[in-house]
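Chemist:
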Amino acid sequence: MHAITIPEPGGPEALVWAEVPDPVPGEGEVLVEVAASAVNRADLLQRQGFYDPPPGASPYPGLECSGRIAALGPGVSGWAVGDEVCGLLAGGGYAEKVAVPVGQLLPVPEGVDLVTAAALPEVTCTVWSNVFMIAHLRPGETLLVHGGSSGIGTMAIQLAKAVGAKVAVTAGGKEKLQRCAELGADILIDYREQDFVEEVRAATDGAGADVILDIIGAKYLDRNVKALAVNGRLAIIGMQGGIKAELNIATLLNKRGAITATSLRGRPVHEKAAIVAAVREHVWPLIGGGHVRPVVDRTVPMSEAAGAHRVLEESTHTGKVVLTR
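0 is the number of the first residue of the sequence shown in numbering that gives the first Met the number 0; add one for each residue after it.
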(Lines of atoms letter the chains of each structure in order from A and count residues from 1; the text may use other names and numbers.)
(Lines give C-alpha, C1' and ligand atoms only; values in the text may rest on other atoms or scores of the structure.)
Protein backbone atom coordinates (compact mmCIF):
# COMPACT_ATOMS: atom_id res chain seq x y z
CA MET A 1 0.00 0.00 0.00
CA HIS A 2 0.93 3.69 -0.02
CA ALA A 3 1.15 5.91 3.03
CA ILE A 4 2.49 9.29 4.07
CA THR A 5 5.89 8.68 5.64
CA ILE A 6 8.25 11.02 7.50
CA PRO A 7 11.82 9.99 6.58
CA GLU A 8 13.21 13.00 8.50
CA PRO A 9 11.41 15.51 10.75
CA GLY A 10 10.85 18.94 9.26
CA GLY A 11 8.37 21.21 7.51
CA PRO A 12 5.42 20.10 5.40
CA GLU A 13 7.82 18.99 2.69
CA ALA A 14 8.99 16.23 5.04
CA LEU A 15 5.79 14.31 4.28
CA VAL A 16 6.48 11.69 1.58
CA TRP A 17 3.87 9.52 -0.16
CA ALA A 18 5.63 6.16 -0.40
CA GLU A 19 5.03 2.44 -0.83
CA VAL A 20 5.10 0.58 2.51
CA PRO A 21 4.11 -2.89 3.77
CA ASP A 22 0.41 -3.57 4.26
CA PRO A 23 -0.75 -3.71 7.88
CA VAL A 24 -2.07 -7.00 9.24
CA PRO A 25 -4.94 -6.90 11.74
CA GLY A 26 -4.06 -8.51 15.05
CA GLU A 27 -6.25 -9.96 17.80
CA GLY A 28 -9.30 -7.75 18.25
CA GLU A 29 -8.51 -5.54 15.25
CA VAL A 30 -10.04 -4.95 11.83
CA LEU A 31 -8.33 -3.88 8.63
CA VAL A 32 -9.92 -0.77 7.16
CA GLU A 33 -9.50 0.29 3.55
CA VAL A 34 -9.20 4.03 4.07
CA ALA A 35 -11.46 6.42 2.18
CA ALA A 36 -10.36 9.54 4.04
CA SER A 37 -8.43 10.81 7.04
CA ALA A 38 -8.25 14.24 8.68
CA VAL A 39 -5.48 16.55 9.83
CA ASN A 40 -4.94 17.28 13.52
CA ARG A 41 -2.43 19.50 15.31
CA ALA A 42 -0.80 16.37 16.71
CA ASP A 43 0.10 15.36 13.14
CA LEU A 44 2.04 18.60 12.71
CA LEU A 45 3.95 17.91 15.92
CA GLN A 46 4.75 14.37 14.79
CA ARG A 47 6.01 15.68 11.45
CA GLN A 48 8.30 18.09 13.31
CA GLY A 49 9.70 15.28 15.47
CA PHE A 50 8.02 16.40 18.71
CA TYR A 51 5.29 13.77 19.14
CA ASP A 52 6.28 10.17 18.52
CA PRO A 53 3.58 7.51 18.17
CA PRO A 54 2.98 5.39 21.28
CA PRO A 55 4.68 1.98 21.42
CA GLY A 56 3.18 -0.49 18.96
CA ALA A 57 1.28 2.17 16.98
CA SER A 58 1.64 2.78 13.26
CA PRO A 59 4.60 5.07 12.46
CA TYR A 60 2.54 7.02 9.94
CA PRO A 61 0.55 10.13 10.92
CA GLY A 62 -3.23 10.25 11.11
CA LEU A 63 -5.35 9.93 14.26
CA GLU A 64 -8.67 9.15 12.56
CA CYS A 65 -10.05 7.72 9.36
CA SER A 66 -13.13 6.55 7.54
CA GLY A 67 -13.47 3.68 5.12
CA ARG A 68 -14.71 0.12 4.62
CA ILE A 69 -13.73 -2.97 6.55
CA ALA A 70 -11.46 -5.11 4.37
CA ALA A 71 -10.70 -7.94 6.84
CA LEU A 72 -11.44 -9.05 10.39
CA GLY A 73 -8.69 -10.03 12.78
CA PRO A 74 -8.97 -12.93 15.23
CA GLY A 75 -11.63 -12.55 17.92
CA VAL A 76 -13.64 -9.83 16.18
CA SER A 77 -17.42 -10.04 16.12
CA GLY A 78 -20.24 -7.61 15.46
CA TRP A 79 -18.70 -6.23 12.26
CA ALA A 80 -18.51 -7.55 8.69
CA VAL A 81 -16.29 -7.05 5.68
CA GLY A 82 -17.70 -4.15 3.65
CA ASP A 83 -19.14 -2.24 6.62
CA GLU A 84 -18.67 1.52 6.32
CA VAL A 85 -16.93 2.79 9.44
CA CYS A 86 -14.89 5.56 10.95
CA GLY A 87 -12.36 5.11 13.70
CA LEU A 88 -10.12 6.67 16.32
CA LEU A 89 -6.45 5.80 15.77
CA ALA A 90 -3.11 6.02 17.53
CA GLY A 91 -1.58 6.56 14.09
CA GLY A 92 -1.69 5.34 10.50
CA GLY A 93 -4.65 7.29 9.08
CA TYR A 94 -2.61 8.85 6.27
CA ALA A 95 -2.53 5.56 4.38
CA GLU A 96 -4.52 3.33 2.05
CA LYS A 97 -5.10 0.77 4.80
CA VAL A 98 -4.92 0.78 8.60
CA ALA A 99 -5.49 -1.76 11.39
CA VAL A 100 -7.94 -0.46 14.00
CA PRO A 101 -8.81 -1.92 17.44
CA VAL A 102 -12.44 -2.96 17.24
CA GLY A 103 -13.37 -0.90 20.30
CA GLN A 104 -12.31 2.26 18.46
CA LEU A 105 -14.62 1.70 15.50
CA LEU A 106 -17.85 3.59 14.89
CA PRO A 107 -20.47 3.15 12.18
CA VAL A 108 -20.76 6.05 9.78
CA PRO A 109 -23.58 8.17 11.25
CA GLU A 110 -26.88 8.46 9.46
CA GLY A 111 -26.89 11.38 7.03
CA VAL A 112 -23.09 11.67 6.81
CA ASP A 113 -21.15 10.57 3.72
CA LEU A 114 -18.15 8.28 4.02
CA VAL A 115 -15.50 10.94 3.35
CA THR A 116 -16.98 13.51 5.73
CA ALA A 117 -17.16 10.86 8.48
CA ALA A 118 -13.35 11.01 8.71
CA ALA A 119 -13.73 14.43 10.35
CA LEU A 120 -15.67 13.02 13.32
CA PRO A 121 -13.76 10.54 15.55
CA GLU A 122 -11.05 12.77 17.01
CA VAL A 123 -13.20 15.85 17.67
CA THR A 124 -16.20 13.98 19.06
CA CYS A 125 -14.07 11.80 21.35
CA THR A 126 -11.97 14.75 22.53
CA VAL A 127 -14.91 17.04 23.24
CA TRP A 128 -17.19 14.43 24.80
CA SER A 129 -14.48 12.98 27.05
CA ASN A 130 -13.20 16.34 28.29
CA VAL A 131 -16.27 18.58 28.39
CA PHE A 132 -18.85 16.02 29.48
CA MET A 133 -17.19 12.91 30.96
CA ILE A 134 -14.54 14.84 32.95
CA ALA A 135 -15.75 18.45 33.32
CA HIS A 136 -19.44 17.45 33.52
CA LEU A 137 -20.88 20.44 31.65
CA ARG A 138 -24.55 20.78 32.60
CA PRO A 139 -27.58 22.52 31.06
CA GLY A 140 -27.61 26.21 31.89
CA GLU A 141 -23.87 26.43 32.51
CA THR A 142 -21.43 28.48 30.41
CA LEU A 143 -18.69 26.85 28.33
CA LEU A 144 -15.76 28.93 27.06
CA VAL A 145 -14.09 27.40 24.01
CA HIS A 146 -10.72 28.69 22.88
CA GLY A 147 -10.23 28.30 19.14
CA GLY A 148 -13.95 28.20 18.46
CA SER A 149 -13.48 27.94 14.69
CA SER A 150 -11.17 24.90 14.89
CA GLY A 151 -12.31 21.35 14.37
CA ILE A 152 -12.50 20.85 18.14
CA GLY A 153 -14.17 24.22 18.61
CA THR A 154 -16.89 23.76 16.00
CA MET A 155 -17.85 20.43 17.57
CA ALA A 156 -17.70 21.77 21.14
CA ILE A 157 -20.06 24.62 20.29
CA GLN A 158 -22.66 22.29 18.82
CA LEU A 159 -22.53 19.65 21.55
CA ALA A 160 -22.72 22.22 24.32
CA LYS A 161 -25.73 23.90 22.72
CA ALA A 162 -27.37 20.52 22.19
CA VAL A 163 -27.33 19.89 25.94
CA GLY A 164 -28.60 23.37 26.81
CA ALA A 165 -25.42 25.21 27.77
CA LYS A 166 -24.41 28.77 26.93
CA VAL A 167 -21.29 29.02 24.76
CA ALA A 168 -18.55 31.64 24.61
CA VAL A 169 -15.79 31.37 22.01
CA THR A 170 -12.51 33.03 21.18
CA ALA A 171 -11.38 33.23 17.56
CA GLY A 172 -9.36 35.54 15.35
CA GLY A 173 -11.41 37.87 13.17
CA LYS A 174 -15.02 38.62 12.31
CA GLU A 175 -15.33 35.89 9.66
CA LYS A 176 -14.36 33.08 12.02
CA LEU A 177 -16.55 34.47 14.79
CA GLN A 178 -19.47 34.65 12.39
CA ARG A 179 -19.04 30.96 11.58
CA CYS A 180 -19.06 30.22 15.32
CA ALA A 181 -22.26 32.23 15.69
CA GLU A 182 -23.89 30.22 12.89
CA LEU A 183 -23.13 27.06 14.87
CA GLY A 184 -24.80 28.50 17.97
CA ALA A 185 -22.12 30.40 19.91
CA ASP A 186 -23.67 33.06 22.15
CA ILE A 187 -20.63 35.12 23.19
CA LEU A 188 -18.14 36.04 20.46
CA ILE A 189 -14.67 37.20 21.50
CA ASP A 190 -11.95 38.33 19.07
CA TYR A 191 -8.80 37.37 20.98
CA ARG A 192 -6.79 39.84 18.89
CA GLU A 193 -8.72 42.83 20.17
CA GLN A 194 -10.62 41.78 23.30
CA ASP A 195 -9.79 40.43 26.76
CA PHE A 196 -11.64 37.14 27.09
CA VAL A 197 -11.67 37.36 30.89
CA GLU A 198 -13.52 40.68 30.83
CA GLU A 199 -15.85 39.61 28.04
CA VAL A 200 -16.88 36.36 29.71
CA ARG A 201 -17.45 38.04 33.07
CA ALA A 202 -19.51 40.79 31.45
CA ALA A 203 -21.69 38.27 29.63
CA THR A 204 -22.29 36.17 32.76
CA ASP A 205 -23.05 38.98 35.25
CA GLY A 206 -19.58 38.63 36.71
CA ALA A 207 -19.81 34.89 37.34
CA GLY A 208 -17.38 33.61 34.71
CA ALA A 209 -17.24 30.34 32.76
CA ASP A 210 -18.26 27.07 34.42
CA VAL A 211 -16.13 25.04 32.00
CA ILE A 212 -13.23 26.16 29.80
CA LEU A 213 -11.92 23.99 26.94
CA ASP A 214 -8.39 25.18 26.23
CA ILE A 215 -6.08 24.35 23.32
CA ILE A 216 -3.53 27.06 24.16
CA GLY A 217 -1.93 25.94 27.42
CA ALA A 218 0.69 27.99 29.25
CA LYS A 219 -0.02 31.37 27.65
CA TYR A 220 -3.65 31.31 28.83
CA LEU A 221 -3.31 29.54 32.18
CA ASP A 222 -3.45 32.58 34.47
CA ARG A 223 -6.28 34.24 32.53
CA ASN A 224 -8.22 30.99 32.29
CA VAL A 225 -8.23 30.64 36.06
CA LYS A 226 -9.36 34.25 36.39
CA ALA A 227 -12.17 33.58 33.90
CA LEU A 228 -13.46 30.54 35.81
CA ALA A 229 -16.66 30.72 37.81
CA VAL A 230 -16.81 29.40 41.35
CA ASN A 231 -16.60 25.60 41.11
CA GLY A 232 -15.36 26.05 37.54
CA ARG A 233 -13.47 23.39 35.60
CA LEU A 234 -10.58 24.06 33.21
CA ALA A 235 -9.85 21.30 30.69
CA ILE A 236 -6.50 21.70 28.93
CA ILE A 237 -6.12 19.70 25.72
CA GLY A 238 -3.37 21.56 23.87
CA MET A 239 -0.17 23.53 24.23
CA GLN A 240 -0.10 25.87 21.24
CA GLY A 241 0.81 28.66 23.69
CA GLY A 242 3.65 26.86 25.43
CA ILE A 243 4.14 24.28 28.17
CA LYS A 244 5.28 26.21 31.27
CA ALA A 245 3.45 28.90 33.26
CA GLU A 246 2.98 30.12 36.82
CA LEU A 247 -0.30 29.41 38.58
CA ASN A 248 -1.81 31.49 41.39
CA ILE A 249 -3.00 28.72 43.69
CA ALA A 250 -4.88 31.20 45.89
CA THR A 251 -7.10 32.23 42.99
CA LEU A 252 -7.85 28.61 42.17
CA LEU A 253 -8.58 27.80 45.82
CA ASN A 254 -10.91 30.78 46.21
CA LYS A 255 -12.88 29.57 43.21
CA ARG A 256 -12.79 25.94 44.32
CA GLY A 257 -11.67 25.30 40.77
CA ALA A 258 -10.35 22.19 39.06
CA ILE A 259 -7.79 21.81 36.28
CA THR A 260 -7.49 18.69 34.17
CA ALA A 261 -5.20 17.92 31.24
CA THR A 262 -5.67 15.00 28.89
CA SER A 263 -4.68 13.60 25.51
CA LEU A 264 -6.28 10.74 23.59
CA ARG A 265 -3.46 9.21 21.60
CA GLY A 266 -1.49 7.57 24.39
CA ARG A 267 -4.44 6.20 26.37
CA PRO A 268 -4.80 2.43 26.74
CA VAL A 269 -7.07 0.70 24.27
CA HIS A 270 -9.74 -0.02 26.92
CA GLU A 271 -9.96 3.67 27.87
CA LYS A 272 -10.34 4.71 24.24
CA ALA A 273 -13.00 2.04 23.78
CA ALA A 274 -14.98 3.44 26.72
CA ILE A 275 -14.85 6.95 25.23
CA VAL A 276 -15.85 5.68 21.78
CA ALA A 277 -18.78 3.78 23.30
CA ALA A 278 -19.95 6.93 25.10
CA VAL A 279 -19.68 8.94 21.89
CA ARG A 280 -21.72 6.34 20.01
CA GLU A 281 -24.39 6.43 22.73
CA HIS A 282 -24.63 10.18 23.24
CA VAL A 283 -23.25 11.96 20.16
CA TRP A 284 -24.18 9.71 17.24
CA PRO A 285 -27.95 10.22 17.79
CA LEU A 286 -27.41 14.00 17.73
CA ILE A 287 -25.58 13.72 14.43
CA GLY A 288 -28.15 11.32 12.98
CA GLY A 289 -30.93 13.67 14.06
CA GLY A 290 -29.30 16.65 12.37
CA HIS A 291 -28.66 18.55 15.62
CA VAL A 292 -24.87 18.30 15.28
CA ARG A 293 -22.85 18.16 12.08
CA PRO A 294 -19.21 17.79 11.09
CA VAL A 295 -17.69 21.01 9.76
CA VAL A 296 -15.24 20.45 6.89
CA ASP A 297 -13.27 23.39 5.55
CA ARG A 298 -11.85 21.58 2.54
CA THR A 299 -10.68 18.22 1.19
CA VAL A 300 -7.15 17.60 -0.07
CA PRO A 301 -5.76 14.49 -1.80
CA MET A 302 -3.87 12.40 0.75
CA SER A 303 -0.75 12.32 -1.42
CA GLU A 304 -0.72 16.15 -1.11
CA ALA A 305 -0.87 16.14 2.69
CA ALA A 306 1.91 18.75 2.82
CA GLY A 307 -0.53 21.34 1.49
CA ALA A 308 -3.09 20.40 4.13
CA HIS A 309 -0.48 20.83 6.86
CA ARG A 310 0.29 24.32 5.54
CA VAL A 311 -3.39 25.22 5.82
CA LEU A 312 -3.40 24.29 9.51
CA GLU A 313 -0.17 26.15 10.16
CA GLU A 314 -1.60 29.29 8.56
CA SER A 315 -4.87 28.90 10.55
CA THR A 316 -6.94 30.05 7.60
CA HIS A 317 -9.44 27.21 7.96
CA THR A 318 -12.69 26.71 9.86
CA GLY A 319 -13.47 23.19 11.03
CA LYS A 320 -11.56 20.19 9.72
CA VAL A 321 -9.23 19.64 6.78
CA VAL A 322 -9.89 16.18 5.31
CA LEU A 323 -7.49 14.04 3.29
CA THR A 324 -9.08 11.92 0.58
CA ARG A 325 -7.80 8.83 -1.20
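Virtual Cβ for every residue (Gly too), placed ideally from N, Cα, C.
(1) Can you check the segment 48–117 for any beta strand (DSSP E) of at least 3 residues that lies completely inside it and give the ranges in chain order?
(2) Check the C-beta distance from Glu12 over to Ala305 and give it rounded, since I have them as a contact under 8 Å.
(3) Does the ligand NAD have a heavy atom nearer than 7 Å to the CB of Lys160?
(4) Pairs of beta-carbons, one from the segment 69–87 and one from the segment 105–115, closer than 8 Å: are there three or more?
(5) Going by the CB atoms, is the gap between Val282 and Thr329 shorter than 8 Å?
(6) Taking the C-alpha atoms as reference points, what is the distance between Trp16 and Ile5?
(7) Which of the three DSSP states, helix, strand or coil, is assigned to Pro300?
(8) State yes or no: is the C-beta of Tyr50 within less than 8 Å of the C-beta of Ala37?
(9) Taking the straight line between their C-alpha atoms, what separation do you get for Val144 and Ile211?
(10) For Asp221, which of helix, strand or coil comes out of DSSP?
(11) Do the segment 128–143 and the segment 58–71 make contact, defined as three or more Cβ pairs closer than 8 Å?
(12) Thinking C-alpha only, which one of Gly231, Asn223, Leu220 and Val310 is nearest Asp209?
(13) Just tell me which of Leu311, Ala307, Met132 and Glu18 has its CA closest to the CA of Glu280.
(14) Mind checking Val278: buried by the 16 CB within 10 Å criterion, or exposed?
(15) Please list, in chain order, all residues of the same chain as Val291 whose beta carbon is under 8 Å from its beta carbon, the five residues on each side excluded.
(16) Using a Cβ-Cβ cut-off of 8 Å (strictly less than) and excluding sequence neighbours within five positions of His344, which residues of its own chain qualify?
(17) Taking the CB atoms as reference points, tell me whether Gly66 and Val122 lie closer together than 8 Å.
(18) Going by the CB atoms, is the gap between Ile214 and Ser149 shorter than 8 Å?
(19) Please check the pair Pro24 and Gly72, which I expect to be a contact at CB under 8 Å, by giving their CB distance rounded to whole angstroms.
(20) Compare the C-alpha of Gly172 against each of Lys225, Ile235 and Gln193 and name the closest.
(21) Mapping DSSP to helix, strand and coil, what is Ala41?
(22) Give the single residue among Ala276, Arg46, Ala134 and Pro22 whose Cα lies nearest to the Cα of Val97.
Modeler: In brief:
(1) Counting only runs of at least 3 residues, the segment 48–117 fully encloses the following beta strand (DSSP E) elements, listed from N- to C-terminal order: 63–71, 83–87, 96–100 and 104–106.
(2) The count along the sequence shown starts at 1 and reaches residue 12 at position 13. The count along the sequence shown starts at 1 and reaches residue 305 at position 306. With a Cβ gap of about 6 Å, Glu12 and Ala305 count as contacting.
(3) With respect to small molecules bound, the structure shown includes none, and the ligand NAD cannot be examined in it.
(4) Yes, they touch.
(5) Because the chain in this structure spans residues 0 to 324, residue 329 falls outside the shown range and cannot be described.
(6) Here residue 16 refers to the residue found at position 17 when the sequence shown is read from its first residue. Here residue 5 refers to the residue found at position 6 when the sequence shown is read from its first residue. Rounded to whole angstroms, the separation of the alpha carbons of Ile5 and Trp16 is 9 Å.
(7) Within the sequence shown, numbered from 1, the residue matching residue 300 stands at position 301. If DSSP states are grouped into helix, strand and coil, Pro300 belongs with the strands.
(8) Against the sequence shown, residue 50 aligns to sequence position 51. Against the sequence shown, residue 37 aligns to sequence position 38. Not a contact, by the Cβ cut-off of 8 Å.
(9) Position 145 of the sequence shown, counted from the start, is the residue given in the question as residue 144. Position 212 of the sequence shown, counted from the start, is the residue given in the question as residue 211. Linking Val144 to Ile211 through their CA atoms gives a straight-line distance of about 6 Å.
(10) Numbered from 1 along the sequence shown, position 222 holds the residue referred to as residue 221. The answer is helix: DSSP assigns Asp221 an H, G or I state.
(11) No: fewer than three Cβ pairs fall under 8 Å.
(12) Sequence index remark: in the sequence shown, residue 209 carries index 210 (1-based). Nearest to Asp209 by C-alpha distance, out of Gly231, Asn223, Leu220 and Val310, is Gly231.
(13) In the sequence shown, counting from the first residue as 1, residue 280 sits at position 281. Taking only the C-alpha atoms, the option nearest Glu280 is Met132.
(14) Walking along the sequence shown from the start, residue 278 turns up at place 279. Looking at its Cβ environment, which holds 16 or more other Cβ atoms inside 10 Å, Val278 is buried.
(15) Reading the sequence shown from its first residue, position 292 is the one you call residue 291. If we look at Val291 and ignore the five residues flanking it on each side, its Cβ neighbours are Met154, Gln157, Leu158, Ala161, Val282 and Leu285.
(16) A query on residue 344 cannot be resolved here, the shown segment of the chain reaching from 0 to 324 and no further.
(17) Along the sequence shown, one-based indexing puts residue 66 at 67. Along the sequence shown, one-based indexing puts residue 122 at 123. Not in contact: Gly66 and Val122 (Cβ atoms no closer than 8 Å).
(18) If you number the sequence shown from 1, residue 149 lands on position 150. If you number the sequence shown from 1, residue 214 lands on position 215. Against a cut-off of 8 Å, the Cβ pair of Ile214 and Ser149 comes out as a contact.
(19) One-based indexing of the sequence shown puts residue 24 at position 25. One-based indexing of the sequence shown puts residue 72 at position 73. Contact flag correct, Cβ pair sits at about 3 Å.
(20) Counting from one through the sequence shown, the residue named residue 172 turns up at place 173. Here the closest residue by C-alpha is Gln193.
(21) The sequence position of residue 41 within the sequence shown is 42, counting from 1. Correct three-state label for Ala41: helix.
(22) Start at 1 with the first residue of the sequence shown, and residue 97 comes out as number 98. Among Ala276, Arg46, Ala134 and Pro22, the Cα nearest to that of Val97 is on Pro22.
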